[in-house]
Structures are given as C-alpha cells and as structure tokens.
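Engineer:
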Amino acid sequence: MTENLRPSGAHSTDQDPTSYPYASSYGTAYNSATGGYPPPPPYAPTNRRKAKRPVALLAAVAIAAGVIGGGTATLVGQLNGQDSATTGSGGAVNGTTVSQSSKGTVAGVAEAVSPAIVEIGAASSAGKSTGSGVVITEDGEIVTNNHVISGAQQIQVTLSTGKTYTADVVGTDPDKDLALIKLRGASGLKTATLGDSSKVKVGEEVVAIGSPEGLTGTVTSGIVSALDRDVTVAKDDSGSSGQGQGQGRQGGGQEWPFEFGGQQFNGDTGEETTTYKALQTDASLNPGNSGGALINMDGEIIGINSAMYAPSSSAAGSGSSAGSVGLGFAIPVNTLKADLDTLRAGNGS
1 MTENLRPSGA HSTDQDPTSY PYASSYGTAY NSATGGYPPP PPYAPTNRRK AKRPVALLAA
61 VAIAAGVIGG GTATLVGQLN GQDSATTGSG GAVNGTTVSQ SSKGTVAGVA EAVSPAIVEI
121 GAASSAGKST GSGVVITEDG EIVTNNHVIS GAQQIQVTLS TGKTYTADVV GTDPDKDLAL
181 IKLRGASGLK TATLGDSSKV KVGEEVVAIG SPEGLTGTVT SGIVSALDRD VTVAKDDSGS
241 SGQGQGQGRQ GGGQEWPFEF GGQQFNGDTG EETTTYKALQ TDASLNPGNS GGALINMDGE
301 IIGINSAMYA PSSSAAGSGS SAGSVGLGFA IPVNTLKADL DTLRAGNGS
C-alpha cells in the first residue's frame, strides 16, 4: 500500500501536480531526493469542495429572492419599519407609533394615541367645565383650546390611566383659541406626535379622541369633509361670554359659543371674537371634545378639535345641548406648531 505508483523519472516539473490527488495522504508519493514537484497539500481538495457549498447556497437564495420579488421587499420594509419605530420612541416616551399590524385602523390609532389624550376640568366663579387636551412633552405640557381654560381659577387634569394632576396655565392665544398648560410634578408621560396639516386632503380618514360630557377617552371616526372653513369664536377672557366658557359646563351657562357660515351657534359669541381657518370633519364631536385631538391614520395629530355644529342648542330657552350632527371643526396642527414658542414664552396675541 505504500509503494510509489509512478514510473521512475516521471516527476517532471511540468507534471500536473493534481494528477494524483490522494497520493500525498500516505506520505510516499514525493521523494525529496529526486527533486520532483511536490503534490498539493492533503487538505486542498477538501477546501475546494467546501468552498463550492456557500456559493451554491447564495445562488439558491438569489434565485428564491428573484421568484418571491415583491413579497421579500414587503417583509424587509415591515421589519425596518418596526426597528425604526422602536428606536424613534426613545426613553420612557412611547409616542404614538401605530404597530404595523394595526396601521391604518381606528383600533390601532386609538390604542396608540389614547394615552396622550387627557380630560381637563376647569373651575371658575361661573361654574365648572370639561374639555380635553393633548400631551406633547413627557414632563406634562398639554395643548388645549383657550376657551376650555379661560378664566379658570383651578385646573385638574385626568390622564387615561385615571391619575389626576393639578395644572397651571403657561400661555394662551385667544386669537387662535389655543392654550398651553403644564402639569405639576409629572414625568415619563406618553406623548402625541404632531403631524403636518398642510398635507391633509378632503376625504382622508380621521379619528377624534376626547372627553365628551366627561366620558374620558371617547373615540369617534370619520373623514375630513372640508378644508379652510372660517370659524368665529369668542376670545375676550374678561367678557361675559368668554369668562370660563368651556364645553360640557355644569351648574348653568351656555355651551361654548361660536359662529359659522354667518350664523351663531351654542350661544352668543359676544363682542370680542376671533376667526380662524379650520378643518371640517364628520367625526362626531360633542360638548367636552374641545381641545382634544383629530388624528390621521398614521397616529399623527393633524388638528385640535375646537367647535361643533349644533343648531338646536342655541334656541331660546333651551336647557339642553344637541348632539353631533356630523359637522365639527378643528384648528390645524400647523397653526399650533407655529404658535408653540409664543405659548411657551407665556405670551399671547
């Protein structure tokens, strides 16, 4: 078994060294005395065979990817989306990221955004009112309507968890019917994501979340039914119609007054008024929704709900308010974003 099978003198330098690939494994095929060309190392054939396997595997994967095509791209996109959402949430603030499986659904939007919507109770000498607000920072900055907290001597805020805080007014802008309040001693709150209202289109699906009639966390849905509607509201904090007015008032008083299309609704707007461009929606808004969020299907805030059309509530001698008739109005979120620095500085129009 150990004899040299090659004829004498056969070890020429032009001999193919791979002609006898297994000879060197026995250690006798090469004679240093003859100066013959050494055969390849005993492990070379093994390496060549192993090297082919990954290449073949990669080729198979490439073919499979070519056949699957769009399906593979969709899977990669979903995975990337999940990773980026996790990274973007950062720290203790989970934001309003809608999961991939629930994206574009009312349930998914409600689950993601509801923790950032609060109920606001404002007490003044004229009585108590209930409104809503949107948490925009983890330490408790909350955006709402000016008319929700106007004239309030005490403000109580209830989170979706039921926890209650006392809040202070940071800044108000009666001209835009916006206000910023801050919770005392809050931290780690879930926050809302402010979107871009310039991209909103008529017919786009939306979700409204607020506390109509004190029913915290109520969710309704609909579409954006019109853009750039002129809505007129009372703005004078010291005026008879502006003092402490809010939706869902208890202990007497009229609902929040506003004017639309040349007619007054929910009471007299008074002498001091302001007009702003609003998003119109058929998502149900009722007394107490003021200051809450109008949200697109990506979970982004596109408007702050501010007024509702309820013609029968302004009738003389009426002691009750009418429900939603499918015409609600929201302050575009871009108006809010442009006004945030002013509100944080404690200034107003």
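Just so you know, we're using my numbering here: the sequence shown kicks off at 1 and counts up by one.
Even for Gly, the Cβ is constructed at its ideal location relative to N, Cα and C.
What you are looking at is a predicted structure, and each value in this text was computed from that prediction instead of being measured.
Only counting the same chain, and skipping five residues up and downstream in sequence, which positions put a Cβ closer than 7 Å to that of residue 73?
Structural biologist: Annotation note: pLDDT 32 at residue 73 (below 50); position unreliable, coordinate value reported separately. Here the set comprises nothing.
Engineer: Could you tell me which uninterrupted alpha helix (DSSP H) segments, each at least 4 residues in length, are contained entirely in the segment 129 to 190, listed from first to last along the chain?
Structural biologist: Listed in chain order, they are 146 to 149.
Engineer: Near residue 148, what residues of its chain come up, given a Cβ to Cβ distance below 8 Å and the 5 sequence neighbours on each side ignored?
Structural biologist: 120, 122, 129, 131, 132, 133, 179, 246, 247, 290 and 291
Engineer: With a threshold of 7 Å on Cβ separation, who are the neighbours of residue 98 within its own chain once the five nearest residues in sequence on each side are excluded?
Structural biologist: 108, 109, 112, 298 and 299
Engineer: Rounded to whole angstroms, what's the CA-CA distance from residue 96 to residue 195? Just pull it up for me.
Structural biologist: 11 Å
Engineer: Closest to residue 115 by C-alpha separation, out of 328, 106, 223 and 162, would be which residue?
Structural biologist: For residue 115, the nearest C-alpha among the options comes from 162.
Engineer: Quick check on residue 196: does DSSP put it in helix, strand or coil?
Structural biologist: coil
Engineer: Roughly how many whole angstroms lie between the Cα atoms of residue 173 and residue 102?
Structural biologist: 36 Å
Engineer: Within 8 Å (strictly less), CB to CB, does residue 168 reach chain D?
Structural biologist: The chain labelled as chain D is not found in the depicted structure, where only one protein chain is given.
Engineer: Just tell me which of 204, 183, 216 and 234 has its CA closest to the CA of residue 302.
Structural biologist: 204
Engineer: Does the Cβ-Cβ distance between residue 191 and residue 135 come in under 8 Å?
Structural biologist: Against a cut-off of 8 Å, the Cβ pair of residue 135 and residue 191 comes out as a contact.
Engineer: Between the C-alpha atoms of residue 293 and residue 124, what's the straight-line distance to the nearest angstrom?
Structural biologist: 24 Å
Engineer: Does the beta-carbon of residue 271 have 16 or more other beta-carbons within 10 angstroms, so that it is buried, or is it exposed?
Structural biologist: Counting Cβ neighbours within 10 Å, residue 271 comes out exposed, since fewer than 16 surround it.
Engineer: Going by CA-CA distance only, name the one from 152, 151, 105 and 166 that's closest to residue 118.
Structural biologist: 166
Engineer: Residues bridged to residue 276 by DSSP?
Structural biologist: 231
Engineer: Tell me the rounded alpha-carbon separation between residue 145 and residue 100.
Structural biologist: 32 Å
Engineer: Would residue 351 and residue 198 be called neighbours here (beta carbons separated by less than 8 Å)?
Structural biologist: Since the displayed the chain opens at 1 and closes at 349, residue 351 lies outside it and no answer follows.
Engineer: Suppose you measure from the CA of residue 344 to the CA of residue 183; what does that come to, to the nearest Å?
Structural biologist: 14 Å
Engineer: For residue 334, which of helix, strand or coil comes out of DSSP?
Structural biologist: helix
Engineer: Can you list, in chain order, the residues of its chain whose CB lies under 6 Å from that of residue 159, leaving out five sequence neighbours each side?
Structural biologist: 118
Engineer: Closest to residue 342 by CA distance: which of 273, 276, 176 and 332 is it?
Structural biologist: 176
Engineer: Across which residues does DSSP place residue 307 in a beta bridge pair?
Structural biologist: 329
Engineer: With a cut-off of 8 Å on the beta carbons, I'd call residue 273 and residue 233 a contact; round off their distance for me.
Structural biologist: 6 Å
Engineer: Would you kindly report the start and end of the unbroken alpha helix (DSSP H) that includes residue 111?
Structural biologist: 106 to 113
Engineer: In whole angstroms, what separates the C-alpha of residue 193 from that of residue 127?
Structural biologist: 33 Å
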